[in-house]
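So the sequences go chain by chain: P and W.
Number 199 in our numbering belongs to position 199 of the first sequence; there are no gaps in the numbering.
Number 530 in our numbering belongs to position 530 of the second sequence; there are no gaps in the numbering.
Notes for the one structure printed next.
Number of protein chains: 2
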Amino acid sequence: MYRTHTCGDLRLKDAGKEITLAGWVQTIRKFGAITFIDLRDRYGITQLLLGEDLHQQLGENPLGREWVLRVHGIVAERSNKNPNIPTGDIEVRIISFDVLNKSVTPPFTIQDDTDGGDDLRMKFRYLDLRRNEVKKNLELRYAVNRAARNYLHENNFMDIETPFLIKSTPEGARDFVVPSRMNPGQFYALPQSPQTFKQLLMVSGYDRYYQIVKCFRDEDLRADRQPEFTQIDCEMSFVEQEDILNMFEGMIKYIFKQVNGIDYREPVQRMSWEDAMWDYGNDKPDLRFGMKVANLKSAFKKSGKAIATGELIAGAGFGVFDNAETVVAIAVPGAAEYTRKQTDELTEWVKRPQIGMQGLVYIKCAADGSFKSSIDKFYDAARLRSIATATGASAGDLILILAGPEERTRKAISELRLELGQRMGLRKRNEFRLLWVLDFPLFEYSEEDNRWVARHHPFTAPKPDQIETMIGNSPVIEKASEYLQHPYAHIKANAYDMVLNGNEIGGGSIRIYQRELQEKMFSALGMSEEESLHKFGFLLGAFEYGAPPHGGIAFGFDRLCAILGGSESIRDFIAFPKNNSGRDMMLDAPATIDEKQLEELSIQLRIKK
Amino acid sequence: MYRTHTCGDLRLKDAGKEITLAGWVQTIRKFGAITFIDLRDRYGITQLLLGEDLHQQLGENPLGREWVLRVHGIVAERSNKNPNIPTGDIEVRIISFDVLNKSVTPPFTIQDDTDGGDDLRMKFRYLDLRRNEVKKNLELRYAVNRAARNYLHENNFMDIETPFLIKSTPEGARDFVVPSRMNPGQFYALPQSPQTFKQLLMVSGYDRYYQIVKCFRDEDLRADRQPEFTQIDCEMSFVEQEDILNMFEGMIKYIFKQVNGIDYREPVQRMSWEDAMWDYGNDKPDLRFGMKVANLKSAFKKSGKAIATGELIAGAGFGVFDNAETVVAIAVPGAAEYTRKQTDELTEWVKRPQIGMQGLVYIKCAADGSFKSSIDKFYDAARLRSIATATGASAGDLILILAGPEERTRKAISELRLELGQRMGLRKRNEFRLLWVLDFPLFEYSEEDNRWVARHHPFTAPKPDQIETMIGNSPVIEKASEYLQHPYAHIKANAYDMVLNGNEIGGGSIRIYQRELQEKMFSALGMSEEESLHKFGFLLGAFEYGAPPHGGIAFGFDRLCAILGGSESIRDFIAFPKNNSGRDMMLDAPATIDEKQLEELSIQLRIKK
């Protein structure tokens with residue numbers, strides 16, 4: 001028997017008991033003839049006291065950090081209590097011990113503030129995983145997993161496993177493929193998501209499905225993307241959008257409660273995609289703070305709202321505004337006192353290639369009601385006041401204005417808003433703000449191919465009242481420059497994203513379940529009938545045998561965990577992550593394989609020099 | 001809103017309520033002006049009554065099987081109750097309805113006894129999944145999943161996800177590999193199991209890990225093998241074999257209770273590998289019935305027990321026995337009255353190539369104490385009685401004797417025993433008999449390579465008292481014919497298999513956790529130092545940083561579910577299985593991929609003609 005208790009178990013009430021512990025040496029402190037050892041396991045740390053008599057046993061082999069010990073001893077009250085740990089009232093006086101395994105000196109310290117760099121910690125991930133910081137993350141991940149499963153189970157969802165060796169249907173992202181030895185020249189693909197399978201399960205009548213499942217995308221990796229990632233994948237039959245929003249709003253709130261102890265009582269805010277783009281320049285706004293975007297001039301024609309015509313800024317002879325497609329502004333609260341150095345630095349910030357603006361205009365709204373701006377030459381106080389009013393600025397605020405091409409400028413103002421929110425401490429780690437973004441466009445226009453591409457995926461249904469528009473019109477775009485006049489440009493998707501603190505944590509849609517509409521969708525995306533049958537014939541076939549109305553959602557499990565853990569890095573929440581080149585540094589994978597393996601798989605290499 | 005209730009909800013107490021249901025048309029029965037429709041969903045079947053007034057709405061488009069309907073109506077007591085279904089007391093009188101989707105005629109009937117053949121059902125798996133029989137299997141699977149998770153959670157196990165894109169380390173089974181686009185010429189492998197990762201997690205201190213996880217093996221498929229399969233994968237630190245046996249015996253009993261409602265109270269029987277081979281000719285004996293093997297003569301030297309020297313049968317001039325390496329027998333209870341035709345048929349059965357025996361000897365033990373045998377010419381009644389006593393036969397039993405080479409004969413007697421158990425109805429679907437098989441040999445001898453191979457896998461530890469034997473001796477086999485004299489031939493593994501009704505449902509071992517011993521193991525398996533470092537350097541490295549004693553087990557989840565569901569076929573318990581050629585008939589996968597994809601992956605085909 002290796003232990004009677006764990007290193008997190010013992011309390012003052014256990015004093016006098018003879019116990020056995022096993023764990024790792026965290027620290028060793030010698031005080032004359034006695035030695036204190038902190039013994040660590042998954043559950044905590046217990047102080048051990050090694051008396052003079054036992055030192056002989058050590059001989060010339062003193063204990064070292066990360067050695068694995070089994071100790072037999074008696075629990076005793078400590079004279080010098082440690083209120084910071086649950087076992088801090090006691091220590092274990094060692095009667096006997098054995099060294100279960102030794103350790104060489106670790107390449108970095110196993111502590112919250114380790115001295116190990118990123119690469120070193122990845123190479124020795126099994127040591128990094130010992131650090132309390134990383135352990136807490138994996139524990140949180142398991143708690144989220146458990147909470148999601150319990151909620152879904154209580155709501156009649158069934159975990160049904162879908163296959164990993166499927167068929168390659170490249171759409172957008174690249175598939176990872178797996179050569180089939182038994183079918184020479186043929187390949188399986190690893191699933192980018194179980195999308196078509198969960199839809200088939202709806203056709204099969206399993207009306208509430210879920211899975212916490214690995215998915216694979218062979219993308220050029222950006223920071224914080226992983227070639228394999230985990231989804232909480234869900235689908236329901238006989239539902240409308242509203243049913244799904246309610247069900248999964250409930251799930252996230254349940255997770256908040258179970259994992260973070262947060263009672264998120266208010267209904268999750270909802271916002272149309274248009275409003276999000278208009279007011280925040282972004283389809284996943286961080287609502288932990290304000291600084292809404294003021295649209296002084298815009299090429300983006302927002303439906304059902306006054307259009308930003310540019311009147312407020314026109315006719316002043318300021319070419320930057322006059323020639324710009326879009327002029328947008330935010331009011332930074334209480335920043336009117338920014339120095340020249342500070343506004344210059346912000347100007348440099350927006351001119352970086354990642355943001356790509358030509359410059360930054362500012363208006364300082366002084367406490368006394370006066371204005372000082374970088375455009376005083378062109379605008380008098382009255383006009384500056386009008387702009388300030390439109391921007392919603394108060395006395396003491398700093399207005400920042402960007403001008404340029406529509407898409408880039410809107411993205412830039414969004415980035416600038418987030419940056420200032422960050423700098424001003426308005427994006428608090430432990431504050432959580434949920435948002436549903438709704439009413440996305442169904443299609444995006446691809447200039448390259450002069451055709452439509454699916455904004456979400458090819459299985460997303462249009463709003464019910466726009467099905468006719470889709471069926472009744474040809475998807476062909478006669479004149480590229482007039483694509484915005486095409487009826488397809490205005491079809492909205494029956495889709496929804498869940499946003500948490502400015503991150504998309506989940507997204508889904510009501511699906512197409514009629515063969516005719518699905519065929520129309522494939523053809524709108526430029527797929528020939530032959531191609532759509534080759535790739536998705538099984539799904540089109542299934543729709544002929546009584547497919548029910550259905551819809552679903554998938555949550556990015558890695559990211560959800562990261563945000564709930566107050567981090568932005570998903571790698572910290574994955575036990576064995578890959579680096580930005582898709583490599584596992586610990587395994588040193590991927591790696592070459594034997595010629596014999598290649599031959600059996602009926603493939604050979606062709607490496608470009 | 002698509003429904004207020006499901007098709008399994010409504011009872012007599014709901015009579016008078018206005019409700020909405022949605023589901024599939026199971027059957028339609030017309031009685032003059034009214035029509036009865038059975039509407040089906042995941043939860044049950046509800047009878048609908050469509051009155052004369054609504055028939056007009058159908059027009060020329062009568063409803064069909066598998067159409068999807070939404071109906072609004074009033075719950076009413078049935079005049080003609082159906083006691084076989086929970087909703088059998090009521091029917092729903094339709095006020096209005098809409099057809100949500102139509103269905104063409106399915107290629108087979110959606111019923112328990114379908115008329116669909118295997119291939120057809122696999123191609124249209126989404127329809128097959130509608131059948132109650134298949135649905136029950138997937139529900140059972142989910143119940144087992146849920147029970148296992150709950151038990152493991154209660155016992156402090158943590159679900160930790162391990163990666164799917166890892167490194168190829170072919171050992172025995174072939175890996176599926178995945179070409180890396182970003183690392184030309186390099187490949188990931190899909191895991192055959194998370195073995196090394198769970199061991200690393202133990203080194204990291206996560207002392208109780210589990211995962212219900214997909215694993216992959218590119219094997220030549222036999223019936224009822226799948227290239228992707230699911231394991232309940234577990235590992236524990238600071239444990240000895242006894243701790244693991246107790247923990248997982250507990251898990252299986254918990255699953256029995258939760259899923260099958262069975263209170264399996266008795267301790268799980270234990271048997272050494274030697275005893276299993278000796279008494280049943282098999283390392284996974286089905287203990288639902290007796291018919292133990294009597295060893296009349298054996299080349300297999302069983303330790304600690306009288307050896308079958310062959311004295312009972314020697315010296316009678318019966319060459320078949322005299323020249324055989326092994327002579328084994330079973331007594332079939334109450335089968336003394338078998339006719340000549342029946343014994344002839346059994347003789348043919350053992351002569352089939354799958355069994356491969358030359359013939360079958362029988363002794364009928366008549367009720368009056370006399371004997372009649374196929375070897376009367378050689379053995380008198382006294383000798384036959386001695387054989388009968390050794391076989392444990394009673395009056396009325398039929399003794400069946402096989403003779404031949406050790407391995408084949410032992411396998412044959414095991415098969416014969418199972419066949420007779422089956423024929424006599426002794427292998428009951430709803431009876432469950434668990435067994436731990438222990439004390440396996442650590443190594444097997446490979447004649448082909450004249451070296452040792454791991455019986456379990458290279459990470460399994462020898463029994464503690466045999467570590468010295470392993471460390472202290474060279475694994476080299478000087479003389480192939482004397483391999484049995486090599487000390488390694490007698491090292492027992494610290495390994496265990498769990499057997500249920502003659503099927504191995506789980507297996508595991510206490511692991512090696514010392515670098516020196518692990519290196520010795522790799523070298524014993526013929527791996528050079530360079531090779532072992534290339535393949536498992538990360539694990540050998542990890543063992544230097546304080547690896548704790550640990551061990552684990554993995555259960556074959558698909559098979560476990562099949563047996564709990566009273567079936568022998570795992571395919572029936574997998575939502576989307578592959579056929580015996582590893583193909584997904586529904587998707588038609590694997591398939592060819594684009595030349596562009598191949599090029600991006602830096603590979604090309606080389607198909608042998």
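Glycine included, every Cβ here is placed at the ideal spot set by N, Cα and C.
Keep in mind the model is a prediction, meaning the values are calculated, not measured.
Open item on the list: With the cut-off set at 7 Å, would you say Thr391 of chain W and Ala331 of chain W are in Cβ contact?
Closed with: As a working note, residue 391 of chain W is residue 391 in the second sequence. As a working note, residue 331 of chain W is residue 331 in the second sequence. Ala331 of chain W sits close to Thr391 of chain W, with the two beta carbons spaced by under 7 Å.
TODO: Put Thr460 of chain P into one of helix, strand or coil per three-state DSSP.
DONE: The sequence position of residue 460 of chain P within the first sequence is 460, counting from 1. Three-state result, Thr460 of chain P: strand.
Task: C-beta neighbour in chain P for Trp24 of chain W, strict 7 Å - done: If you number the second sequence from 1, residue 24 of chain W lands on position 24. Yes - at least one Cβ of chain P is within 7 Å of the one on Trp24 of chain W.
TODO: Tell me, please, whether the CB atom of Ser567 of chain P is closer than 7 Å to any CB atom in chain W?
DONE: The residue you call residue 567 of chain P lines up with position 567 of the first sequence. Closer than 7 Å: no.
TODO: Report the rounded CA-to-CA distance for Tyr254 of chain P versus Arg559 of chain P, giving the unit in angstroms.
DONE: On the first sequence, residue 254 of chain P is found 254 positions in, with the first residue counted as 1. On the first sequence, residue 559 of chain P is found 559 positions in, with the first residue counted as 1. C-alpha separation (whole angstroms): 17 Å.
Task: Sheet register partners of Trp24 of chain W (DSSP bridge) - done: Residue 24 of chain W sits at position 24 when you count from the first residue of the second sequence. Looking at the DSSP assignment, Trp24 of chain W forms a beta bridge with W:Arg40 and W:Val68.
Open item on the list: At the level of alpha carbons, what is the spacing between Ile85 of chain P and Ile45 of chain P?
Closed with: Position 85 of the first sequence, counted from the first residue, corresponds to residue 85 of chain P. Position 45 of the first sequence, counted from the first residue, corresponds to residue 45 of chain P. Looking at the backbone, the Cα of Ile85 of chain P and that of Ile45 of chain P are separated by about 8 Å.
TODO: Could you check what DSSP says for Phe321 of chain W in three-state terms: helix, strand or coil?
DONE: By one-based count along the second sequence, residue 321 of chain W stands at place 321. The answer is helix: DSSP assigns Phe321 of chain W an H, G or I state.
Task: Outcome for Asp218 of chain P when other beta-carbon atoms lying within 10 angstroms are tallied against a minimum of 16 - done: Start at 1 with the first residue of the first sequence, and residue 218 of chain P comes out as number 218. Asp218 of chain P is classed as buried because its beta carbon has at least 16 other beta carbons within 10 Å across all chains shown.
TODO: For the beta strand (DSSP E) holding Met271 of chain W, just list the boundary residues, first then last.
DONE: Here residue 271 of chain W refers to the residue found at position 271 of the second sequence. Its beta strand (DSSP E) spans residues Gln269 to Ser272.
TODO: Could you spell out where the beta strand (DSSP E) holding Ala554 of chain W opens and where it closes?
DONE: As a first step, residue 554 of chain W is located in the second sequence; it is residue number 554 there, counting from the start. Per DSSP, the continuous beta strand (DSSP E) segment holding Ala554 of chain W begins and ends at His550 to Gly556.
- [ ] Could you check what DSSP says for Glu161 of chain W in three-state terms: helix, strand or coil?
- [x] Indexing the second sequence from 1 puts residue 161 of chain W at position 161. Glu161 of chain W sits in coil when the DSSP states are folded into three classes, being neither helix nor strand.
Open item on the list: Would you say Leu200 of chain W lies against chain P (beta-carbon separation less than 7 Å)?
Closed with: Locating residue 200 of chain W in the second sequence gives position 200, where the first residue counts as 1. Chain P contact via Cβ: present.
Task: For Gly502 of chain W, the nearest candidate out of W:Lys135, W:Tyr445, W:Gly566 and W:His534 (CA to CA) - done: Taking the first residue of the second sequence as position 1, residue 502 of chain W is located at position 502. Residue nearest to Gly502 of chain W within the set W:Lys135, W:Tyr445, W:Gly566 and W:His534 is W:Gly566 (criterion: CA-CA distance).
TODO: May I ask you to report which of helix, strand or coil DSSP gives Ile471 of chain W?
DONE: Residue mapping note: residue 471 of chain W aligns to position 471 of the second sequence, counting from 1. For Ile471 of chain W, the secondary structure class from DSSP, reduced to helix, strand or coil, is helix.
TODO: Could you tell me whether any Cβ in chain P is nearer than 7 Å to the Cβ of Arg423 of chain W?
DONE: Start at 1 with the first residue of the second sequence, and residue 423 of chain W comes out as number 423. Closer than 7 Å: no.
Open item on the list: Using C-beta distances below 8 Å, list every residue in its chain close to Glu406 of chain P, excluding the 5 sequence neighbours before and after it, in chain order.
Closed with: One-based indexing of the first sequence puts residue 406 of chain P at position 406. Correct list, in chain order: Ser298, Ala299, Phe300, Glu325 and Thr326.
Open item on the list: By the 9 Å beta-carbon criterion, what residues does the stretch 139 to 153 of chain W contribute toward chain P?
Closed with: Those residues of the stretch 139 to 153 of chain W that come within reach of chain P (Cβ to Cβ, closer than 9 Å) are Glu139, Arg141, Tyr142, Asn145, Arg146, Arg149 and His153.
Open item on the list: Using 7 Å as the threshold, is the C-beta distance between Trp24 of chain W and Gly546 of chain P below it?
Closed with: The count along the second sequence starts at 1 and reaches residue 24 of chain W at position 24. The count along the first sequence starts at 1 and reaches residue 546 of chain P at position 546. Judged by their CB atoms, Trp24 of chain W and Gly546 of chain P are nearer to each other than the 7 Å cut-off.
TODO: Go through its chain and collect everything with a Cβ distance to Met122 of chain W's Cβ below 7 Å, but skip five positions before and after it.
DONE: Counting from 1 along the second sequence, the entry for residue 122 of chain W is found at position 122. So the list reads Asn579, Met585 and Met586, once near-sequence residues are dropped.
Task: Residues near Pro441 of chain W by beta carbon distance below 6 Å, same chain, minus five either side - done: The residue given as residue 441 of chain W occupies position 441 in the second sequence. Close CB contacts of Pro441 of chain W within its chain, under the 6 Å cut and outside five residues either way in sequence, are with Arg455 (chain order).
Task: Under 8 Å by beta carbon: chain B residues contacting Tyr264 of chain W - done: The structure shown contains no chain B; the protein chains it does contain are P and W.
Task: Inter-residue spacing [alpha-carbon to alpha-carbon] between Ala611 of chain W and Ile94 of chain P - done: The first residue shown for chain W is 1 and the last is 609, placing residue 611 of chain W beyond what the model contains.
Task: Contact list for the stretch 41 to 69 of chain W against chain P, Cβ threshold 7 Å - done: Listed in sequence order: Asp41, Arg42, Glu66, Trp67 and Val68.
TODO: Can you have a look at Glu482 of chain W and say buried or exposed, based on whether 16 or more other CB atoms are within 10 angstroms of its CB?
DONE: Mapped onto the second sequence, residue 482 of chain W falls at position 482. It is exposed - the Cβ of Glu482 of chain W has fewer than 16 other Cβ atoms within 10 Å.
Open item on the list: Between the alpha carbons of Ala143 of chain P and Val259 of chain P, how many angstroms are there, rounded?
Closed with: Taking the first sequence and counting its residues from 1, one reaches residue 143 of chain P at position 143. Taking the first sequence and counting its residues from 1, one reaches residue 259 of chain P at position 259. If I take the Cα positions, the gap works out to 6 Å.
Task: Nearest-angstrom Cα separation, counted from Lys364 of chain P out to Ser370 of chain P - done: On the first sequence, residue 370 of chain P is found 370 positions in, with the first residue counted as 1. On the first sequence, residue 364 of chain P is found 364 positions in, with the first residue counted as 1. For Ser370 of chain P and Lys364 of chain P, the distance between alpha carbons rounds to 8 Å.
- [ ] Can you have a look at Val350 of chain P and say buried or exposed, based on whether 16 or more other CB atoms are within 10 angstroms of its CB?
- [x] What you label residue 350 of chain P is simply residue 350 of the first sequence in a count that begins at 1. Its Cβ being crowded by 16 or more others within 10 Å, Val350 of chain P is buried.
- [ ] Please report how far the alpha carbon of Phe616 of chain P lies from the alpha carbon of Ile413 of chain P, in whole angstroms.
- [x] Nothing can be reported for residue 616 of chain P, as the shown portion of chain P is limited to 1 through 609.
Open item on the list: Looking at chain P, is there any beta carbon in it that lies within less than 7 Å of the beta carbon of Val177 of chain W?
Closed with: On the second sequence, residue 177 of chain W is found 177 positions in, with the first residue counted as 1. So yes, Val177 of chain W belongs to the interface.
Open item on the list: With a threshold of 7 Å between beta-carbons, can Tyr188 of chain P be considered close to chain W, or not?
Closed with: By one-based count along the first sequence, residue 188 of chain P stands at place 188. For Tyr188 of chain P, at least one C-beta of chain W is nearer than 7 Å to its own C-beta.
Open item on the list: Which residue marks the beginning of the beta strand (DSSP E) containing Ser237 of chain W, and which one marks its end?
Closed with: In the second sequence, residue 237 of chain W corresponds to position 237, counting from 1. It spans Glu228 to Ser237 - the beta strand (DSSP E) in which Ser237 of chain W sits, taken as one unbroken run.
- [ ] Counting only runs of 4+ residues fully inside the stretch 320 to 384 of chain P, write out the alpha helix (DSSP H) ranges in chain order.
- [x] List check, alpha helix (DSSP H) in window: 340 to 351.
Open item on the list: By the DSSP assignment, the beta strand (DSSP E) with Val213 of chain P in it spans what residues?
Closed with: Taking the first residue of the first sequence as 1, we reach residue 213 of chain P at position 213. Segment Arg208 to Phe216, the beta strand (DSSP E) holding Val213 of chain P.
Task: Pro191 of chain P to Met1 of chain P span [Cα, whole Å] - done: Start at 1 with the first residue of the first sequence, and residue 191 of chain P comes out as number 191. Start at 1 with the first residue of the first sequence, and residue 1 of chain P comes out as number 1. Using only the alpha carbons, I get a separation of about 45 Å.
Open item on the list: I'd like to know if Ala173 of chain W contacts chain P, where contact means its C-beta is closer than 7 Å to some C-beta of that chain.
Closed with: Counting from 1 along the second sequence, the entry for residue 173 of chain W is found at position 173. Contact with chain P is absent for Ala173 of chain W, since none of that chain's Cβ atoms lies less than 7 Å from the residue's Cβ.
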